[in-house]
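Number of protein chains: 2
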Amino acid sequence: MSSATQRGKSAKKNVVLGADIGGTSTKFGYVDSEGNCLASASMPTEASRPADSFFRRLCENSVDLFHDMAEEYKIAGIGIGAPNANYYTATIENPPNLAWDFVDVRAELDRYFNIPLAITNDANAAALGEMLFGAAQGMNDFIVITLGTGLGSGIVANGELIYGADGFAGEIGHTIVDPNGRECGCGKRGCLETYCSVTGLCRTVQELIRNTTESSTLRSVGDDELTGKMIFEHAQQGDSLARRAFESCGRILGLKLADSVAHLSPEAIILTGGMANAGELIFNPTRRSLEEHLFPIFRNKVKLLPSKLTNCDTAILGAGALIWNYLSKNK
Amino acid sequence: MSSATQRGKSAKKNVVLGADIGGTSTKFGYVDSEGNCLASASMPTEASRPADSFFRRLCENSVDLFHDMAEEYKIAGIGIGAPNANYYTATIENPPNLAWDFVDVRAELDRYFNIPLAITNDANAAALGEMLFGAAQGMNDFIVITLGTGLGSGIVANGELIYGADGFAGEIGHTIVDPNGRECGCGKRGCLETYCSVTGLCRTVQELIRNTTESSTLRSVGDDELTGKMIFEHAQQGDSLARRAFESCGRILGLKLADSVAHLSPEAIILTGGMANAGELIFNPTRRSLEEHLFPIFRNKVKLLPSKLTNCDTAILGAGALIWNYLSKNK
Chain A
26 MSSATQRGKS AKKNVVLGAD IGGTSTKFGY VDSEGNCLAS ASMPTEASRP
76 ADSFFRRLCE NSVDLFHDMA EEYKIAGIGI GAPNANYYTA TIENPPNLAW
126 DFVDVRAELD RYFNIPLAIT NDANAAALGE MLFGAAQGMN DFIVITLGTG
176 LGSGIVANGE LIYGADGFAG EIGHTIVDPN GRECGCGKRG CLETYCSVTG
226 LCRTVQELIR NTTESSTLRS VGDDELTGKM IFEHAQQGDS LARRAFESCG
276 RILGLKLADS VAHLSPEAII LTGGMANAGE LIFNPTRRSL EEHLFPIFRN
326 KVKLLPSKLT NCDTAILGAG ALIWNYLSKN K
Chain B
26 MSSATQRGKS AKKNVVLGAD IGGTSTKFGY VDSEGNCLAS ASMPTEASRP
76 ADSFFRRLCE NSVDLFHDMA EEYKIAGIGI GAPNANYYTA TIENPPNLAW
126 DFVDVRAELD RYFNIPLAIT NDANAAALGE MLFGAAQGMN DFIVITLGTG
176 LGSGIVANGE LIYGADGFAG EIGHTIVDPN GRECGCGKRG CLETYCSVTG
226 LCRTVQELIR NTTESSTLRS VGDDELTGKM IFEHAQQGDS LARRAFESCG
276 RILGLKLADS VAHLSPEAII LTGGMANAGE LIFNPTRRSL EEHLFPIFRN
326 KVKLLPSKLT NCDTAILGAG ALIWNYLSKN K
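This is the structure we're talking about:
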């Protein structure tokens, strides 16, 4: 490359490509260094087809999306959030909901783009998103909890995301509430996410319907029809059984987050994901239970906050933050 | 200082002073950069007298101990392990078992030595001791658990000790086994250290004596006379109630350490302190329970190891490692 070309290129502004691979659809977009999402799109993951055809489509669609930006910007790197993604090896191993055994993401992308790449799971990406662009800006020690179908978590300590010895740290959803408790998809019993997640909330409502006499309009809803949104709406309308389910969920979440604080002494815990949108219905009981169960020296110190990533899809921003963070450490 | 003096000084080898302040006695000694303890001594803490008289005596005794080394060595820094010691502020706040409300350790020591200082609690110091000189050499992610009167812990992630937002991270002893469980000295119920510590082991034996019909020679020992050493000796001699107490302790410890692994994905967990000397009596049930309760991706990965700090008092080595670590980052 001639130095004239280099000068020409460096006059362009850097953006990164952030992509979030889900079981059904994959979102991707271009994020600048200030956390603005300049363009975004989504495509079906087609999770039953081989990984190489997925990455070909992702690259083609990303190039398409970049078309109108190419004059002004260049792509400095790619960040990907995906289930069971390993930061250290840039591989995806036995992802749930995807028919891929093992994917060498670096090799897949190298066919199309020879630029820096970082991958991790969606909750870790969310944590970096909050650190660079959201509610955790300026914090060195915090935890992000994503309350969706399951419970994901990303932990930052000393200003660094914790990947652990094998790249899979931050599985707070699989800490144990009760070793004889609810069966979890992971094969264990009593994992936190079987109580505190949209799925967990639905299980709690079903338990309350069976085990109590509390009246509720939710009693007429079939088990298969019950959704988190339905429980939220009934709780908002004052349904006491639905409110009790949120209360129970927050109580267990606060208890286990007190354990997380005992490990890490974070400045804040950020609740994000679909269920966090229930607002005070989930924040209030969680906060009460957290304070009640904290080791005394940590009381009244730890903030419980909502996400601040609102100007774009949070998953794209998280994946973008992942690669921006990587680039800042690997100049 | 003239450059001639500087040259003269730099010809001497560096050592650090490591001190561990306990409720009854304080141990101190000089540690070289390879973890050799070149001289050590101890003195009564006299915890009921004011802090300034303690630090005067510590400095006088340390200078005395240094006398024969002064020709060859110079003191590069001081590391102190103490209860409720805050790394960030170099202060000790309301230490249990000591009649000091608040001690500005930096100010106390500045009267005598104007050299680098780092302080933290004994379990954090133990973690750095293992990292620099012991079983965790070369590891970036590990946890040290000290099983003594209580249960202390020090957590290292990304090669750095985790102090957290307020300097008090690493309180795994106060994670909650059962929110309706045993009363803890901290004011909560069901903390891990009420089950897994020498004190916890004694409580378990007393519970087994009251709640079971299992025969045991420990039944003739009064509650006030029962010690961890006694339980260990009876267990070694095959007393089944004593063995059951170790089994129960290890089972609970393994369950809660599985939560720690879910957070941090450490390469190893190191058990140290008096109770870890019970060897396989405590390691075996802990290892079994840990593996049973681990999230599947972590199984058969995490080593459960004894301490390797044996060539000197581990507390002095830990305090020495603390200041060596500090010096390496603040050149």
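Protein chains in written order, with the working numbering: chain A, 26 to 356; chain B, 26 to 356. By construction, the Cβ of each residue, glycine as well, lies at the ideal position given by its N, Cα and C atoms.
A Cβ of chain A is located within less than 9 Å of the beta carbon of B/N183. Rounded to whole angstroms, the separation of the alpha carbons of A/S332 and A/A160 is 6 Å.
Between A/A150 and A/G179, the CB-CB gap stays under 9 Å. Annotation for A/L157: G60, A346, W349, N350 place their beta carbon closer than 7 Å to its own, counting only its chain and skipping 5 residues before and after.
If you draw a straight line from the Cα of A/E85 to the Cα of A/I105, it comes to about 16 Å.
The three-state secondary structure of B/K328, taken from DSSP, is strand. For B/A303, none of the residues of chain A pass the 7 Å Cβ criterion, the least Cβ distance being about 24 Å. The C-beta separation of A/R324 from A/G279 comes to about 12 Å, leaving the pair out of contact by the 8 Å criterion.
Counting along the chain, B/V130 sits inside the alpha helix (DSSP H) bounded by residues 130-135. Straight through space, the alpha carbons of B/L233 and B/I307 are spaced by roughly 17 Å. Membership of A/S265 in the alpha helix (DSSP H) is indicated by the continuous run 265-289. Against chain B, the CB of A/E155 has no partner CB under 9 Å away; the residue lies outside that interface.
B/L282 and B/L315 have their alpha carbons spaced roughly 6 Å apart. Across the set B/N111, B/G298, B/D77, B/Q231, the C-alpha of B/Q231 shows the shortest separation from the C-alpha of B/L266. Within the model, the alpha-carbon separation for B/T237 versus B/T229 is close to 11 Å.
Note that the region 237-247 of chain B does not touch the region 195-215 of chain B; fewer than 3 beta-carbon pairs, one per stretch, sit closer than 8 Å.
By the beta-carbon neighbour count (other beta carbons within 10 angstroms, threshold 16), A/Y55 is buried.
Excluding sequence positions up to five before and after B/L334, its CB lies within less than 7 Å of the CB of G154, E155, F158, G159, L342, all in the same chain and listed in chain order.
Contact check for B/G225 against B/Y112 fails: the beta carbons are separated by 9 Å or more.
With contact defined as three or more Cβ pairs closer than 8 Å, the region 41-48 of chain B and the region 137-148 of chain A are not in contact. Taking 9 Å as the threshold, the shortest C-beta distance from B/Y188 to chain A falls below it. For A/N122, no CB of chain B lies under 9 Å from its own CB, so it is not counted at the interface with that chain. Nearest neighbour of B/M164 by Cα position, chosen from B/K356, B/K354, B/A340, B/L330, turns out to be B/L330. At least 9 Å separates the beta-carbon of A/I170 from that of A/G299. Under the three-state reduction of DSSP output, A/F80 falls in the helix class.
Residues of the region 221-234 of chain A with a Cβ closer than 8 Å to any Cβ of chain B: none. Here B/K38 has D57, E97, Y98, K99 as same chain residues with Cβ atoms under 8 Å from its own Cβ, once five neighbours each way along the sequence are excluded.
Taking C-beta atoms as the reference points, B/K328 and B/E292 count as a pair closer than 9 Å. For B/D191, the chain A residues whose Cβ falls inside 7 Å of its Cβ are S290, K326, in order along the chain. Scanning B/F80, B/G215, B/L289 for the CA closest to the CA of A/H318 turns up B/G215. When CB distances to chain B are screened at a threshold of 9 Å, the residues of the region 264-285 of chain A falling below it are L280, K281, A283, D284, S285, in chain order. Assignment of B/T238 by DSSP, reduced to helix, strand and coil, places it in the coil class. Per the C-alpha coordinates, the member of A/R268, A/Q162, A/T339, A/D166 positioned closest to A/S240 is A/R268. Inclusion of A/N183 and B/N183 in the CB contact set at 9 Å is warranted, their separation being smaller than that value. Straight-line spacing of the CA atoms in A/H92 and A/P69 works out to 21 Å.
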